[in-house]
Structure formats: structure tokens, C-alpha cells
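As C-alpha cells, the structure follows; a few thoughts come after it.
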Amino acid sequence: MSDAITPSAFDASEGVGDWRVLFGGATANFETGTFATGVALIGRIGELADAANHHPDVDLRYGSVTVRLISHDVGTISRRDADLARQVSLAAAELGATARPDTVQAVQFAIDAHVHADVMPFWRAVLGYAARGEEDLDDPLGRGPSIWFQQMDPPRTGRNRIHVDICVPPDQGESRVAAALAAGGTLVSSHAPTWWTLADAEGNEVDVATMAGRE
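Under our numbering, the first residue of the sequence shown carries the number 26, and numbering increases by one thereafter.
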């Protein structure tokens, strides 16, 4: 039986207040202050992950560690992710690392396509990416943004065919939109709180998205 859970079920799990569900899984960022503390935290995460036989993606920087959890066998987040998230947060707290859930985000590029099969091979080859299903390409090393091929039906004109999707925590959506508008952007459409479509001064578009309403 699948142990997959919804974003709201993850959020309701005990001890996961440091984490936010974004595109591609549950994510947390911990300010470590020093590189040595970050290395120590990664060591603790490694021990926890091996014990659970469930391994996250981890990014180490000078003053922070970012952790992303997803269960690839079910294609989404699961109870295992909630359990490991709670343990990682406890380890981070013991080391004095501070959670910064307001800083996490996930970025993907969306390409409007008439026929996915006609354009995906090109982007897969030029980027060295791997296919995920019929609409997505991913960096095999998990470093670059994913690519989503959005069906155009009917064809649209007068706008760019490539745009950026940015997924932020639900409590950060409105402030991120407000900041972009204050910086010269315009609101194209709103589907709040799930996503807003914005454009820069020359009409280049971006979707600011959250996982709210995606049960």
C-alpha cells in the first residue's frame, strides 16, 4: 500500500514546522553559521538517512544546508519523508542550526509546445537532461531547474513561448508577488493562492506558484 501523502497532510505531521512542500518535494533550509557546522549536519543527515534507508538531496553552502525530501517510488512525498524531516530538524536544532523556511523555493522553466514529442528530444539532448513522464525533463544530478512542456491548445501569439515557474511557500506567495510588482512588474492573471502570472516591463512572464490548493 502506498504511503504517499498530500501537502496538507505533510504540513499537519508532527515536527515538520521547518519544512515547506514545493515542486519536487518537501524542502528545508538551515542556517549553520559555519562550514564546519554544515558538514556536521550533513554527517547526521547521512546517518539518519542510512538508518531509514531513505535518502534526501542535500546542498551544502558556507553558511547553510538545504535538504529536499521526496519518495521517488511513489512519485511524491510520503510518510517516510515526514518521519525523516522530523529527525533532520531535531539534528539541526541540536547542532544550533536555525531553520529558515521563508528562504526555500523551487524553480522550473516551462516551454509552451504544440507537440511535446517534437521539442522534448532537442531540450533533452542540449541540456543532458533525463525524461520524467511525457511532459518533464530533469537534471540527472539534481542541480539545474526542471523543464515542463506545457500544451498549447489553442496556439497563442503575442507572448514568449518560454516562461519561469517559481514555487514558494504558501505564506510567501503574496509578498513575493508584491515585491515583483513594486519592481516594475505587472499582474497578468491571478489564481491565488495557487499561482499568479506576472510580466516584466517587456512582457516576459513568470508564474509565482505555491502548493496551496493542489491536493
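Note that CB positions come from ideal geometry on N, CA and C, so glycine has one too.
Notebook entry, point to check: What are the complete beta strand (DSSP E) segments, minimum 3 residues, inside the region 137-170?
Noted result: Along the region 137-170, the beta strand (DSSP E) occurs as fully enclosed runs of 3 or more residues at 155-157 and 161-163, listed in sequence order.
- Item | Cβ shell of residue 167 (< 7 Å), same chain only, five flanking positions each side left out | What you label residue 167 is simply residue 142 of the sequence shown in a count that begins at 1. Only residues of its own chain outside the window of five on either side were considered, and among them 82 have a CB closer than 7 Å to the CB of residue 167, listed in chain order.
*Compare the C-alpha of residue 111 against each of 203, 64 and 74 and name the closest.*
As a first step, residue 111 must be located in the sequence shown, where it is residue number 86. Taking only the C-alpha atoms, the option nearest residue 111 is 74.
query = Between the Cα of residue 69 and the Cα atoms of 175, 48 and 116, which residue gives the shortest distance?
reply = The sequence position of residue 69 within the sequence shown is 44, counting from 1. Checked all of 175, 48 and 116; the closest Cα to residue 69 is 116.
Buried or exposed: residue 151, going by 16 or more other Cβ atoms within 10 Å of its Cβ? Locating residue 151 in the sequence shown gives position 126, counting from the first residue. So residue 151 ends up on the exposed side.
**Coarse secondary structure for residue 38, derived from DSSP in three states** = Residue 38 sits at position 13 when you count from the first residue of the sequence shown. When secondary structure is reduced to three states using DSSP, residue 38 falls in the coil class, being assigned neither helix nor strand.
Q. Alpha carbon to alpha carbon, how far is residue 141 from residue 176?
A. The count along the sequence shown starts at 1 and reaches residue 141 at position 116. The count along the sequence shown starts at 1 and reaches residue 176 at position 151. Taking the straight line joining both Cα atoms gives about 7 Å.
- Query: So, does the CB of residue 138 fall closer than 9 Å to a CB anywhere in chain D?
  - Reply: Included in the structure is just one protein chain, with no chain D present.
Worksheet item: So, helix, strand or coil for residue 112, using DSSP?
Response: Counted from its first residue, the sequence shown places residue 112 at position 87. It is helical.
Exercise. Under 7 Å Cβ to Cβ from residue 219, same chain only, skipping five residues before and after it: list those, please.
Key: In the sequence shown, residue 219 corresponds to position 194, counting from 1. Cβ within range, chain order: 234, 235, 237, 238 and 239.
Worksheet entry | For residue 181, the first and last residue of its enclosing alpha helix (DSSP H) | Taking the sequence shown and counting its residues from 1, the one referred to as residue 181 is at position 156. In the DSSP assignment, residue 181 falls outside any alpha helix (DSSP H) and carries neither an H nor an E.
Between the C-alpha atoms of residue 78 and residue 208, what's the straight-line distance to the nearest angstrom? Mapped onto the sequence shown, residue 78 falls at position 53. Mapped onto the sequence shown, residue 208 falls at position 183. Using only the alpha carbons, I get a separation of about 45 Å.
My understanding is that residue 232 touches residue 178, with C-beta atoms under 8 Å, so please give their C-beta distance in whole angstroms. For the purposes of this step, residue 232 is identified with residue 207 of the sequence shown, where counting begins at 1. For the purposes of this step, residue 178 is identified with residue 153 of the sequence shown, where counting begins at 1. 18 Å between Cβ atoms; not a contact.
*asked:* What residue range does the beta strand (DSSP E) around residue 224 cover?
replied: Along the sequence shown, one-based indexing puts residue 224 at 199. It spans 220-224 - the beta strand (DSSP E) in which residue 224 sits, taken as one unbroken run.
**Study point:** Sub-9 Å separation of residue 171 and residue 48 beta-carbons
**Key:** Position 146 of the sequence shown, counted from the start, is the residue given in the question as residue 171. Position 23 of the sequence shown, counted from the start, is the residue given in the question as residue 48. The Cβ-Cβ distance between residue 171 and residue 48 falls below 9 Å.
Worksheet item: Helix or strand or just coil, what does DSSP make of residue 72?
Response: Here residue 72 refers to the residue found at position 47 of the sequence shown. Judged by DSSP in its simplified three-state form, residue 72 adopts helix.
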